[in-house]
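J.: Numbering (my numbering), first residue to last: 28 to 269. Idealized CB from N, CA, C, for every residue including glycine. This is the structure, below, for whatever I ask next.
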């Protein structure tokens, strides 16, 4: 599982050869998906046991060893939209809402980033934000995560964006401002170790994207040589829409 996951990751951007990371110094590991087990399994997590998952923070400690100092901060909730959270969490808690205010979490993340040599921001989607019956009009990062990422970029530290997602996303601002982007999709139970293998250079990412990433949601459908398909919205027929 670890090997297959690493082979699926796609390096979308790597300025100034910030990757691979050195196994020394201090890394700020930040984001609502940085120490999360449930969402690594993706939309078919119903068939898996999240307790068997290795989160990214644990994976980085496993691979980085004792010569590296990893500082962690959650930084933001996956989303702060209460109605949206209710729909995403219909099959279980995937968006865990922190008791602290968004401002408090961002302040902690910025303070953590300022103590580091490089920032690894693990952002993206919860498992049921994607997959069947999960069409969305906004396929960028949720506003809570966007606010966090902008605050991290403003620290001036190099920022490596690690994405967890089940669809192409609109990443125009991210592409223009972060130093590196690694798309890991939903890597499964060994995702934490696999992500660390790639970040620290134990494996050279060789995955290729299989669908175009639109610059704006208005470009969709973006497709090649394939008829459009979809799942029409019928109110009341799915627990996500009740």
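Can you check whether the CB of residue 221 is closer than 8 Å to the CB of residue 32?
T.: Yes, the Cβ-Cβ distance between residue 32 and residue 221 is below 8 Å.
J.: Buried or exposed: residue 149, going by 16 or more other Cβ atoms within 10 Å of its Cβ?
T.: Counting Cβ neighbours within 10 Å, residue 149 comes out buried, since at least 16 surround it.
J.: Spatial neighbours of residue 125 within its chain, please: C-beta separation below 8 Å, excluding the five flanking residues on both sides.
T.: Closer than 8 Å at the Cβ level, and outside the excluded window around residue 125, lie 101, 104 and 132.
J.: Assuming the contact rule is C-beta atoms closer than 8 Å, residue 91 and residue 50 should be a hit. Round their C-beta distance to whole Å, please.
T.: Right, the Cβ-Cβ distance comes to about 5 Å (below 8 Å), so this counts as a contact.
J.: Report yes or no: do three or more beta-carbon pairs, one from the segment 145 to 164 and one from the segment 186 to 199, lie closer than 8 Å?
T.: The segment 145 to 164 vs the segment 186 to 199: in contact.
J.: Pick from 67, 46, 154 and 199: whose alpha carbon is nearest that of residue 29?
T.: For residue 29, the nearest C-alpha among the options comes from 67.
J.: Give every residue of the same chain whose Cβ lies closer than 6 Å to the Cβ of residue 208, excluding the five residues on either side of it in the sequence, and list them in chain order.
T.: The residues are 39, 40 and 188.
J.: Does residue 215 have its Cβ less than 8 Å from a Cβ in chain B?
T.: The structure shown has no chain B; it contains just one protein chain.
J.: Using the Cα positions of residue 99 and residue 111, report the straight-line distance between them to the nearest angstrom.
T.: So the alpha carbons of these two residues sit roughly 26 Å apart.
J.: Pick from 83, 120 and 48: whose alpha carbon is nearest that of residue 229?
T.: Among 83, 120 and 48, the Cα nearest to that of residue 229 belongs to 48.
J.: Between which residues of its own chain and residue 84 is the CB-CB distance below 6 Å, once the five residues before and five after are set aside?
T.: Excluding residues within five positions, the ones whose Cβ falls inside 6 Å are 56, 61, 62 and 99.
J.: Helix, strand or coil: which one does DSSP assign to residue 67?
T.: Three-state DSSP puts residue 67 in a helix.
J.: Need the endpoints of the beta strand (DSSP E) that residue 190 sits in, please.
T.: Start and end: 186 to 191.
J.: Assuming residue 211 contacts residue 36 (C-beta within less than 8 Å), just tell me the rounded distance between them.
T.: Confirmed, about 5 Å.
J.: Let me make sure I understand the geometry here. Which of 69, 155 and 144 has the alpha-carbon closest to that of residue 116?
T.: Nearest of 69, 155 and 144 to residue 116, Cα basis: 155.
J.: Would you kindly report the start and end of the unbroken alpha helix (DSSP H) that includes residue 134?
T.: Segment 129 to 141, the alpha helix (DSSP H) holding residue 134.
J.: Helix, strand or coil for residue 238 per DSSP?
T.: Here residue 238 sits in coil by DSSP.
J.: Any idea what DSSP makes of residue 53, helix, strand or coil?
T.: DSSP places residue 53 in strand when its eight states are reduced to three.
J.: Cutting at 8 Å between CB atoms, please list the residues of its own chain near residue 175, excluding the five before and the five after it.
T.: If we look at residue 175 and ignore the five residues flanking it on each side, its Cβ neighbours are 57, 58, 102, 103, 132, 133, 136, 148 and 150.
J.: Got a sec, what are the start and stop residues for the alpha helix (DSSP H) residue 90 sits in?
T.: Segment 83 to 91, the alpha helix (DSSP H) holding residue 90.
J.: With a 10 Å radius around its C-beta and 16 neighbouring C-beta atoms as the bar for buried, classify residue 73 as buried or exposed.
T.: That one is exposed.
J.: Skipping 5 residues on each side, what residues in its chain have a beta carbon closer than 7 Å to that of residue 241?
T.: Answer for residue 241: 195, 197, 247 and 249, listed in chain order.
J.: Please list, in chain order, all residues of the same chain as residue 219 whose beta carbon is under 6 Å from its beta carbon, the five residues on each side excluded.
T.: If we look at residue 219 and ignore the five residues flanking it on each side, its Cβ neighbours are 81, 82, 83, 85 and 86.
J.: Output the distance between the C-alpha atoms of residue 95 and residue 227, rounded to the nearest integer angstrom.
T.: Whole-angstrom Cα-Cα distance: 11 Å.
J.: Starting from residue 219, trace the alpha helix (DSSP H) in both directions and tell me its first and last residue.
T.: Residues 218 to 226.
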